[in-house]
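Asker: There's a structure below that I have some questions on.
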Amino acid sequence: MTVAPPPGPARAYAVIAAFAAELVERGVTELVVSPGSRSTPLTVTLDAHPGLRTWIHLDERVAGFFALGQGRATGRPAVLVCTSGTAAANYLPAVIEAHHAGVPLVVCSADRPPELRGGWGSSQTIDQVGLYGPTTRWAVDLPVAGEWTPEAARATAARAVAAATGPDPGPVHLNWPLREPLEPPGAVPVVDARPRPAATVGPPPLDEATRRLCDELVGVGRGVVVAGPSPGEGLAAEHRTATAVVRAAAAVGWPVLADPLTQMRGAASDADPVVAHADLLLRHEALASLAPELVVLVGHPPVTKPVRLWLERHRPARVVAVDPARRWPDPSFTTTDRVGAHPRVVAAHLEAATAGPADPSWLATWRRADAVAADVVV
């Protein structure tokens with residue numbers, strides 16, 4: 062174990078260097094910085110690590126949404142760094158979006174040390190502790206960086222990434238008190254890091270109760286899959302989920318009403334059940350009057366209003382929400398069953414359990430209508 066420098070600026074840089082190394086080992090690659098004075102130790106040390114790619118955005122709102130996009134695309138949190146004061150408050154819109162969209166994000170806000178907080182008139186000083194309220198998966202006011210240990214910093218980085226990428230992914234807020242002097246006392250330390258191989262363990266299998274529920278569903282003829290935006294597991298994983306859901310829906314003969322923000326439409330082919338124009342079709346009575354017996358909700362609630370109004374109009378006897386994070390995506394208050402399993406696992410079971418569509422004409426009706434809509438739109 063490397064002996065840490067005595068408390069002070071050198072210790073602060075050693076602590077942050079250990080933090081950076083652990084981030085890289087946990088698969089973090091993107092650093093987004095809104096420059097400022099108080100955050101100098103964070104910015105300089107994180108930027109020095111070769112495993113992190115640095116992006117500079119002077120405007121904190123822009124930086125926040127840029128980092129959000131990185132997490133949305135990769136399924137791994139970007140690290141977002143800002144100075145003390147209102148800078149961190151400008152990240153709030155992106156943090157809220159990350160919370161609701163399930164996108165991993167780690168915010169590192171620099172702060173004054175404890176003796177300068179509490180209304181003493183120190184410039185660029187606000188109460189940053191708990192700044193993002195209930196939107197974070199984990200939030201902590203850290204010790205002054207020059208007064209704790211590299212081992213604790215590594216553990217903090219590991220926990221931050223785990224919290225941001227867990228079953229309910231989202232934002233993490235680490236508040237870093239930093240005491241002057243802020244400049245590095247010598248060469249900026251870099252701790253070697255080797256990214257760990259990505260875990261290959263897939264989603265857990267279905268429990269017995271969920272298996273029985275799925276077995277009941279496969280015989281329903283007039284079923285519909287309503288696919289909303291997926292939580293932020295990364296675009297590659299979302300595409301795998303989209304493909305699995307589309308295959309299962311084709312096997313059981315249910316149309317997939319795919320929200321524009323999903324990748325379901327990208328998984329479509331001429332022979333699949335994806336209805337890409339539901340928001341247009343359901344404005345017309347001929348389609349809006351079609352009453353489903355079953356609706357399976359995948360992902361977040363769809364943003365298209367016609368789909369929501371259609372669900373509220375018919376209120377099917379069975380509405381099953383599939384969400385591994387066990388959230389309550391039910392703005393229409395129609396859900397009858399909740400499945401806390403990954404959609405890919407549910408889809409695989411449905412595909413394997415079905416003997417084929419119970420009512421082939423049901424899916425055919427939706428596909429014909431969608432083809433007509435596509436010709437008109439194009």
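Quick note: the sequence shown uses the numbering used here, first residue 62, plus one each step.
Virtual Cβ for every residue (Gly too), placed ideally from N, Cα, C.
Please read these numbers as outputs of a predicted model, since none were measured by experiment.
Would you decide whether H410 is buried or exposed? Buried here means 16 or more other CB atoms lie within 10 Å of its CB.
Answerer: Burial call: buried.
Asker: So A171 is in the beta strand (DSSP E); what residue range does that whole segment cover?
Answerer: Its beta strand (DSSP E) spans residues 166-172.
Asker: Could you give the C-beta distance for S95 and V142, rounded to a whole number, given that I count them as a contact under 8 Å?
Answerer: The pair is a contact, with the Cβ atoms about 7 Å apart (cut-off 8 Å).
Asker: Could you check whether P138 and V167 sit closer than 7 Å to each other, using their CB atoms as the reference points?
Answerer: Against a cut-off of 7 Å, the Cβ pair of P138 and V167 comes out as a contact.
Asker: Taking the alpha helix (DSSP H) that G130 belongs to, which residues open and close that run?
Answerer: Segment 121-135, the alpha helix (DSSP H) holding G130.
Asker: Determine whether the beta carbon atoms of A419 and G289 lie at a separation below 7 Å.
Answerer: Their beta carbons are not under 7 Å apart, which means A419 does not touch G289 by this criterion.
Asker: Can you give me the C-alpha to C-alpha distance between D188 and L177, rounded to a whole angstrom?
Answerer: Spanning the two alpha carbons is a distance of roughly 11 Å.
Asker: Compute the Euclidean distance between the alpha carbons of T415 and A162, then round it to the nearest angstrom.
Answerer: Rounded to the nearest angstrom, the two C-alpha atoms are 32 Å apart.
Asker: Determine the direct distance from the alpha carbon of G88 to that of F126, and round the result to whole angstroms.
Answerer: Each residue's alpha carbon lies about 20 Å from the other.
Asker: Decide if H160 is buried, meaning its Cβ has at least 16 other Cβ atoms within 10 Å, or exposed.
Answerer: With 16 or more Cβ atoms within 10 Å of its Cβ, H160 is classed as buried.
Asker: On the CB-based measure, 16 or more other CB atoms within 10 Å of its CB, does R255 come out buried or exposed?
Answerer: With fewer than 16 Cβ atoms within 10 Å of its Cβ, R255 is classed as exposed.
Asker: For L119, count neighbouring Cβ atoms within 10 angstroms of its own Cβ and tell me buried if that reaches 16, exposed if not.
Answerer: L119 should be labelled exposed.
Asker: In whole angstroms, what is the alpha-carbon distance linking A339 and V433?
Answerer: Answer to the nearest angstrom: the Cα atoms are 12 Å apart.
Asker: What's the call for D268, buried or exposed, on a 16-neighbour Cβ count within 10 Å?
Answerer: That one is exposed.
Asker: Would DSSP call L113 helix, strand or coil?
Answerer: Reduced to three states, the DSSP call for L113 is coil.
Asker: With a cut-off of 8 Å on the beta carbons, I'd call S393 and L424 a contact; round off their distance for me.
Answerer: About 23 Å separates the two Cβ atoms, so there is no contact after all.
Asker: Strictly by DSSP, which residues pair up with C143?
Answerer: Beta-bridge pairing links C143 to S170.
Asker: Using a Cβ-Cβ distance under 7 Å, would A386 count as near chain D?
Answerer: Among the chains of the structure shown, chain D does not appear; only one protein chain is present.
Asker: Quick check on DSSP: helix, strand or coil for P265?
Answerer: Reduced to three states, the DSSP call for P265 is coil.
Asker: Once the 5 residues before and after P122 are set aside, which same chain residues still bring their CB inside 8 Å of it?
Answerer: Note on residue identity: the sequence assigns Arg, not Pro, to residue 122. Counting only Cβ-Cβ distances below 8 Å, and skipping sequence neighbours, we find N151, Y152, P154, A155.
Asker: Would the segment 208-218 and the segment 268-277 be scored as touching if the rule is three or more Cβ pairs under 8 Å?
Answerer: No, because fewer than three Cβ pairs between the segment 208-218 and the segment 268-277 fall closer than 8 Å, the two stretches do not touch.
Asker: How long is the line joining the alpha carbons of G130 and P404, rounded to whole angstroms?
Answerer: C-alpha separation (whole angstroms): 23 Å.
Asker: If you draw a straight line from the C-alpha of E412 to the C-alpha of R376, how long is it?
Answerer: Using only the alpha carbons, I get a separation of about 25 Å.
Asker: So, under 8 Å CB-CB, D108 and L92 are touching, yes? Tell me the CB distance rounded to an integer number of Å.
Answerer: So it is a contact: roughly 7 Å between Cβ atoms.
Asker: What's the gap between the Cα of R428 and the Cα of P316?
Answerer: Rounded to whole angstroms, R428 to P316 spans 8 Å at the Cα level.
Asker: Between which two residues does the alpha helix (DSSP H) holding E158 run?
Answerer: Element bounds for E158: 153-162.
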